[in-house]
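In what follows, a structure is listed as structure tokens, so that the remarks can point back to it.
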Amino acid sequence: MNADHARRYFREIYGAEAEVIGSAPGRVNIIGEHTDYNGGQVLPLAIDRRTYVAIRARPGASLSRVVSDSQPARADFDVHSFARRGQWGDYVSAVCAAFASGGARLPQIEASVTSDLPAGSGLGSSAALELATCVSLAAFVSDSRTLKDLALLAWGVENQSVGLACGVMDQFASALCEEGHALHLWCDSLAVEQVVMREAVLIFDTATPRSLRVSQFNQRRLECQEALRLLRQRNPALENLTSAHPDEVRDARLPGDLAKRALHVIEENIRVRQVVESLKKSGSVEGETLYESHESLRTQYECSTPELDWFVERAKKTPGVRGARLTGAGWGGCAIAVGDLEALTSAQHALSSEYDAAFGRKPRIWLTNAAKGAKLERNAR
Ligand code: GLA
């Protein structure tokens, strides 16, 4: 999958050349899960699978059109006003409407989407589609916004128009990651630091339906807000949940599951700093911390599944694998593992057949290196 493929697909569909093509990658998060919307830190990297958005003007037309090589049904829409249809095309049309309402003189367009990034697997596919659209449109209307501005625009679109009330991680990772680096992002100040990350990461997509993800995610967000509200009654200076001390949480005797949720968030944030430090020192990810993160996500945040737990347990028994955990929101989706390249490479076959035998489903498994974030692939305007 590359820009040539995107160009050919566009020509096949519309019988003409695309004027601009932008692309943006999916992401995995090394550590820092459910910390972003709590004002904490995260450490994602861009993976080697991308989404391409190709565009040209559609002069004289009253509607725009977008088609995809991997999603059903085309979408027709007006670039100037967003109307939610509950389909993948919403991401493209919502980004267009955000550009138009920001003052861009946008004609109706023809657009195509090509992608090798699995959708709905928790790899940030909606952020990739948003950012690829952003980069294309920015070139299309000669808008000089930075990638960081575009990440914020995409995040606004995701939160207000189309998707999940998510944190900023996915959009920032898709926009700002650099090849050979993980992105250390402070989600309160939006400061970033590129941390060298040369080792490969194994991605294990459990290929499970994600029916509970949105409702459970929203519930966890509310629980975190409530935990913060109660902690602030005792300590009004608390900036956000990740800045609380674990002892504060224990002393506060928060009701129900709130203490577990808060402790996960606070300790996970500490783990981000540990992994960043170890990565800087040794060039490799501290595996034990990934196992700790998974255990906390399983027991405290309760967002794991039997399939994700199976993978992590299996990874622990594999010589040469140093660490593993679920990545992304959880409730299905993907896990990652780090370790010796040879061990990660040779483990894939057995992992696949054993997982199939245990769950009656084939996982998707591959190795990725840290890739480049969103970029403009072609500009012929
Ligand atoms: C989803 C959200 C992110 C983040 C993760 C959990 O991927 O889109 O913003 O909250 O879950 O870390």
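Position in the sequence shown (first residue = 1) + 907 = the numbering used here. Ideal Cβ positions, reconstructed from N, Cα and C, are used throughout, including at glycine.
What first and last residue would you give for the beta strand (DSSP E) that runs through residue i?
| i | result |
| --- | --- |
| I1016 | I1016 to S1022 |
| W1273 | R1271 to T1275 |
| Q1101 | V1099 to V1103 |
| R1285 | K1282 to N1286 |
| H1152 | Note, H1152: premise wrong, no beta strand (DSSP E); not H, not E. |
How long is the line joining the alpha carbons of residue i and residue j, rounded to whole angstroms?
| i | j | result |
| --- | --- | --- |
| L1138 | V1228 | 39 Å |
| H1152 | S1081 | 31 Å |
| E926 | L1054 | 20 Å |
| K1279 | F1124 | 28 Å |
| V1103 | V1172 | 25 Å |
| V1064 | R992 | 14 Å |
| N1176 | N945 | 10 Å |
| A964 | A1026 | 27 Å |
| W1093 | S1189 | 22 Å |
| Q1015 | E1284 | 21 Å |
| N851 | V1042 | This structure does not reach residue 851, given that the chain is present from 908 up to 1288, and the question cannot be answered. |
| E1086 | I962 | 26 Å |
| S1033 | D1154 | 37 Å |
| Y1198 | R1221 | 12 Å |
| S1191 | D997 | 39 Å |
| R981 | Y916 | 14 Å |
Please look up how many angstroms separate the CB atoms of residue i and residue j, rounded, as I've assumed it's under 8 Å.
| i | j | result |
| --- | --- | --- |
| G1240 | T1113 | 7 Å |
| L1024 | A1011 | About 26 Å separates the two Cβ atoms, so there is no contact after all. |
| T958 | S1028 | About 13 Å; that fails the 8 Å criterion. |
| E1130 | L1165 | 6 Å |
Within 10 angstroms of the Cβ of residue i, are there 16 or more other Cβ atoms? Answer buried if so, exposed if not.
| i | result |
| --- | --- |
| L1097 | exposed |
| H987 | exposed |
| H1256 | exposed |
| S1226 | It is worth fixing the name first, because residue 1226 is Pro in this sequence and not Ser. Result: exposed. |
| A1107 | buried |
| T1252 | exposed |
| H1091 | buried |
| L1248 | exposed |
| R1105 | exposed |
| S930 | buried |
| G1230 | buried |
Where does the unbroken alpha helix (DSSP H) through residue i begin, and where does it stop?
| i | result |
| --- | --- |
| S1259 | L1248 to F1266 |
| R1180 | L1165 to S1189 |
| T958 | Unbroken run through T958 is the beta strand (DSSP E), P951 to A964; no alpha helix (DSSP H). |
| L1006 | In the sequence on display, residue 1006 carries Phe and not Leu. Unbroken alpha helix (DSSP H) run through F1006: G996 to S1008. |
Tell me whether residue i counts as near the ligand SAH, meaning its Cβ is closer than 7 Å to at least one heavy atom of that ligand.
| i | result |
| --- | --- |
| M1076 | With respect to the ligand SAH, the structure offers nothing, as its ligand set consists of the ligand GLA. |
Legend entry - Unbroken stretches of the beta strand (DSSP E), 3 residues or longer, contained in the stretch 1199–1232: none
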